[in-house]
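Undergrad: Numbering-wise, the sequence shown is residues 1 to 131 according to full-length UniProt numbering.
Glycine included, each C-beta is placed from N, C-alpha and C at the ideal position.
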Amino acid sequence: MNSMPPVTGHDTPDLSRLLGRDYWMVISTPADGTTAEDITALAPAHIAWLLGLEERHLVFLSGPLVSGPGVGPGSGITVFRASDEAEATAIASADPFVTAGLRTFVVHRWRLNEGSVSMRLSLGRGTYEWL
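As structure tokens, this is what we get:
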């Protein structure tokens, strides 16, 4: 069992250690009239597009929004590695959901400072666990 030290709020963080790496967060919103059936029909093309971007190391994180204010079929967030806003916008504009008129998007410059990623990979068993 993992034991975490209590968060006291009294520790002074070393701000020089923050990652400070910039990415481009694309927040996608369904266009008026988009249905779950529309999204399901085009999902294979959308996923193939994302996997192609992933192979080119352009996608950092991506996934649908499944609850919250204004969430509907086609809502999602993708974080791109791009040189600037114009490149991020061009990448997002090629999304099959966007080209089909099923969703719109806005691009935000996002600075990653804190967080944690853990993964366990077993070479002998050919398994992985996302923690």
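Select from E129, H57, S93 and A86 the residue whose C-alpha is nearest the C-alpha of T104.
TA: Cα-wise, what sits closest to T104 is S93.
Undergrad: Indicate whether T34 and L131 have their beta-carbon atoms separated by less than 8 Å.
TA: Cβ atoms of T34 and L131: not closer than 8 Å.
Undergrad: Which word fits V107, buried or exposed, when buried means at least 16 other C-beta atoms lie within 10 angstroms of its C-beta?
TA: Classification of V107: buried, given that the 10 Å Cβ count is 16 or more.
Undergrad: Who are the near neighbours of T89 in its chain, counting only those whose CB is closer than 8 Å to its CB and skipping five residues on each side?
TA: Once the five neighbours on either side are set aside, the close Cβ partners of T89 are V107.
Undergrad: Are W24 and V79 touching if we call contact CB-CB under 8 Å?
TA: Contact flag set, yes.
Undergrad: Applying the 10 Å Cβ sphere with the 16-neighbour rule, what's the burial state of A82?
TA: Burial call: buried.
Undergrad: Should V98 go down as buried or exposed, given a rule of 16 or more other Cβ atoms within 10 Å for buried?
TA: By the 10 Å Cβ count, V98 comes out buried.
Undergrad: Over what stretch of residues does the beta strand (DSSP E) that includes D22 continue unbroken?
TA: R21 to P30 is the extent of the beta strand (DSSP E) around D22.
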